[in-house]
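Asker: Mind having a look at this structure? Questions to follow.
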Amino acid sequence: MRRSVGVRWWRRGRGAGFGAWLLRGPSQVMFLADAWTGAVFCCALATVDWRYGGYALGGAVLGTATARLLHVARDRVEQGLEGFNSCLFALCLAVFLDPSRLSTLLLAAAGCVVTAVATAAVVRLLSVWHLPSLTLPYCLLASAVTVAAPAFGRIWPHGGSLAALPHAASGPSVPQPGDLWRAFFRNVSQVFFLDEWYVGALLLAGLFLASRPAGLVACAGSATGVLTAWALGAPTARIADGSMGYNAVLVALALCGVFLTAAPATLLYALLGAATATAVTPAVAHLLAPSGGHAFTWPFVLTTLGFLTAARSFPRLTGRTPAPDGLPPHQSGTPAPAA
Numbered sequence: 001m002r003r004s005v006g007v008r009w010w011r012r013g014r015g016a017g018f019g020a021w022l023l024r025g026p027s028q029v030m031f032l033a034d035a036w037t038g039a040v041f042c043c044a045l046a047t048v049d050w051r052y053g054g055y056a057l058g059g060a061v062l063g064t065a066t067a068r069l070l071h072v073a074r075d076r077v078e079q080g081l082e083g084f085n086s087c088l089f090a091l092c093l094a095v096f097l098d099p100s101r102l103s104t105l106l107l108a109a110a111g112c113v114v115t116a117v118a119t120a121a122v123v124r125l126l127s128v129w130h131l132p133s134l135t136l137p138y139c140l141l142a143s144a145v146t147v148a149a150p151a152f153g154r155i156w157p158h159g160g161s162l163a164a165l166p167h168a169a170s171g172p173s174v175p176q177p178g179d180l181w182r183a184f185f186r187n188v189s190q191v192f193f194l195d196e197w198y199v200g201a202l203l204l205a206g207l208f209l210a211s212r213p214a215g216l217v218a219c220a221g222s223a224t225g226v227l228t229a230w231a232l233g234a235p236t237a238r239i240a241d242g243s244m245g246y247n248a249v250l251v252a253l254a255l256c257g258v259f260l261t262a263a264p265a266t267l268l269y270a271l272l273g274a275a276t277a278t279a280v281t282p283a284v285a286h287l288l289a290p291s292g293g294h295a296f297t298w299p300f301v302l303t304t305l306g307f308l309t310a311a312r313s314f315p316r317l318t319g320r321t322p323a324p325d326g327l328p329p330h331q332s333g334t335p336a337p338a339a
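All the letters of the sequence shown, read from the start, carry residue numbers 1 to 339 under UniProt numbering.
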């Protein structure tokens, strides 16, 4: 008689248990499948408010558990790929709504389950073009909730709508040294919606814990975001709070070492993408101004998908020889990582 084998909650090594799968969800926000990094990320969030760490981990738990119950491919569940969008969604609600309200908790729980379904739909759709889903499922649901929330009194904790018309940039645009180093770290912390510089420092520590190259690329992306925002004349306050440069960090990581092989050429390409995402961020915020102007990670998603699609025409980046339209490319080297 064959003995059934259940899911273990924690195992070390390649065959890690369900507990490790859950912690990989938060770490996958930064493209890492490392449980210890996920734990550091949750602790970093908890330094601001323990509920933020709880919402992030709880979101990853619900997203991962839903995917497993629906029999999503085991490798995706094990690597935390079914937990990071739900992690971001739950944390988003905790930050922008009141984390102490029962309605926020229930909405986050229901939304995380829906996020698992949205993730499957987006993965299926983008697989046609061999593109990754990134944080698109989270962006879609977060934007939908932001638009709809003011219509529901039990959900919206604020007195009125956050809608505002776009306006011209104002305020000083010459940052001081203190603004620059804070912006460098806040570009990382704003990936998780927080503007505390020490959270960014802890998140970077988690990155370096798992991968030194990833940590260095994240630093380069953050610096590029700061320099681009300054060069374009962004207000110092926007540069210093990290809201201009956080998408640059994600784009740099995605384009150098994750979906394109890390190399000098791809690093330059990634930093170009980081600068582009920084410029796109206020454009997206202005487009979404009627719903509060939250850009979320839309600039990262749009920039990364565009640059990954374009990279197929550049053999220097992908090691593939471009083919005529409608024909598959000829591989002349190691293929890029699968989406």
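Even for Gly, the Cβ is constructed at its ideal location relative to N, Cα and C.
A quick note: this is a predicted structure, and the numbers were derived from the prediction, not measured.
#1: With a threshold of 6 angstroms on Cβ separation, who are the neighbours of A270 within its own chain once the five nearest residues in sequence on each side are excluded?
#2: According to the neighbour-count rule (16 or more other Cβ atoms, all chains shown, within 10 Å of its Cβ), is D75 buried or exposed?
#3: What would DSSP say about L45, mapped onto helix, strand or coil?
#4: For a test of the three-state rule: what should DSSP assign to E196, helix, strand or coil?
#5: Taking just the CA atoms, how far does S27 sit from F41?
#6: If we call anything under 9 angstroms between Cβ atoms a contact, is Q190 one with T236?
#7: DSSP three-state label for T146, please.
#8: Could you check which residue in S86, L125, A183, V95 has the C-alpha nearest to that of A109?
#9: Once you ignore the five residues that flank A274 on each side, which residues in its own chain have a CB closer than 7 angstroms to its CB?
#10: Any idea what DSSP makes of Q28, helix, strand or coil?
#11: Helix, strand or coil: which one does DSSP assign to F296?
#12: Just the C-alpha distance for L69 and D34, rounded to the nearest angstrom, thanks.
#13: Is G53 closer than 9 angstroms to A46 when the C-beta atoms are compared?
#14: Assuming V284 and P299 are in contact, meaning their beta carbons sit under 8 angstroms apart, how far apart are those beta carbons, in whole angstroms?
#15: Just reading off the alpha helix (DSSP H) that W181 is part of, what are its end residues?
#16: Mapping the DSSP letters down to three states, classify residue 343 as helix, strand or coil.
#17: Does DSSP put R74 in a helix, in a strand, or in coil?
#18: From A20 to G206, what distance separates their C-alpha atoms?
#19: Do A94 and Y55 have their C-beta atoms closer together than 9 angstroms?
#20: Taking the C-alpha atoms as reference points, what is the distance between S100 and R51?
#21: Quick one: give me the first and last residue of the alpha helix (DSSP H) that A275 is part of.
#22: Please determine, among T66, L308, N187, F96, the residue with the shortest C-alpha to C-alpha distance to V145.
#23: Going straight from the alpha carbon of G17 to that of G80, what length do you get?
#24: Please say whether L88 and L57 have beta carbons closer to each other than 9 angstroms?
#25: By a C-beta neighbour count over all protein chains shown, 10 Å radius and 16 as the cutoff for buried, is C139 buried or exposed?
#26: What residues in its chain sit with their C-beta under 6 angstroms from that of Y198, if we drop five residues either side in the sequence?
#27: Might you give, ordered along the chain, the residues of its own chain that have their beta carbon closer than 7 angstroms to the beta carbon of residue 355, omitting 5 neighbours on each side?
#28: From A90 to C43, what does the alpha carbon distance come to, in whole angstroms?
#29: I'd like the list of long-range same chain contacts for F31, defined as Cβ closer than 6 angstroms, with 5 residues on each side in sequence excluded.
#30: Look at residue 352 and G25 and say whether their C-beta atoms are less than 9 angstroms apart.
#31: Please classify R124 as buried or exposed, where buried requires at least 16 neighbouring CB atoms within 10 angstroms.
Answerer: Considering the structure as presented:
#1: Result list for A270: A252, L255, C256, in chain order.
#2: Exposed, by the Cβ-count rule.
#3: Reduced to three states, the DSSP call for L45 is helix.
#4: E196 carries a coil assignment under DSSP once its states are collapsed to helix, strand and coil.
#5: Distance from the CA atom of F41 to the CA atom of S27, rounded to whole angstroms, is 7 angstroms.
#6: No, the pair does not count as a contact, with Cβ atoms beyond the cut-off.
#7: Judged by DSSP in its simplified three-state form, T146 adopts helix.
#8: Closest option to A109, Cα to Cα, is S86.
#9: Around A274: G221, T224, G225, A248, V251, A252.
#10: DSSP places Q28 in the helix class (H, G or I) of the three-state scheme.
#11: Shown here, F296 sits in coil according to DSSP, grouped into three states, outside any helix or strand.
#12: Distance between L69 and D34, taken at the CA atoms: about 22 angstroms.
#13: Cβ atoms of A46 and G53: closer than 9 angstroms.
#14: Between P299 and V284 the Cβ distance is about 5 angstroms, and since that is below 8 angstroms, they are a contact.
#15: Annotation for W181: the continuous alpha helix (DSSP H) segment containing it runs 177 to 189.
#16: This structure cannot speak to residue 343, because the chain is shown only from 1 to 339.
#17: R74 falls in the helix class under three-state DSSP.
#18: The alpha-carbon atoms of A20 and G206 are separated by roughly 15 angstroms.
#19: Cβ atoms of A94 and Y55: closer than 9 angstroms.
#20: Straight through space, the alpha carbons of R51 and S100 are spaced by roughly 8 angstroms.
#21: Annotation: the continuous alpha helix (DSSP H) that includes A275 extends over 264 to 287.
#22: It is F96.
#23: Answer to the nearest angstrom: the Cα atoms are 12 angstroms apart.
#24: The criterion of a C-beta distance shorter than 9 angstroms is not satisfied by L57 and L88.
#25: Counting C-beta atoms within 10 angstroms of its own C-beta, C139 has 16 or more neighbours from the protein chains shown and is therefore classed as buried.
#26: Here the set comprises nothing.
#27: The chain is shown from 1 up to 339; residue 355 falls before or after that span and cannot be answered.
#28: Straight-line Cα distance between these residues: approximately 16 angstroms.
#29: Within the same chain, F31 has close Cβ partners L253, V258.
#30: One cannot answer for residue 352 here, as it falls past the ends of the chain, which runs 1 to 339.
#31: Label assigned to R124: exposed.
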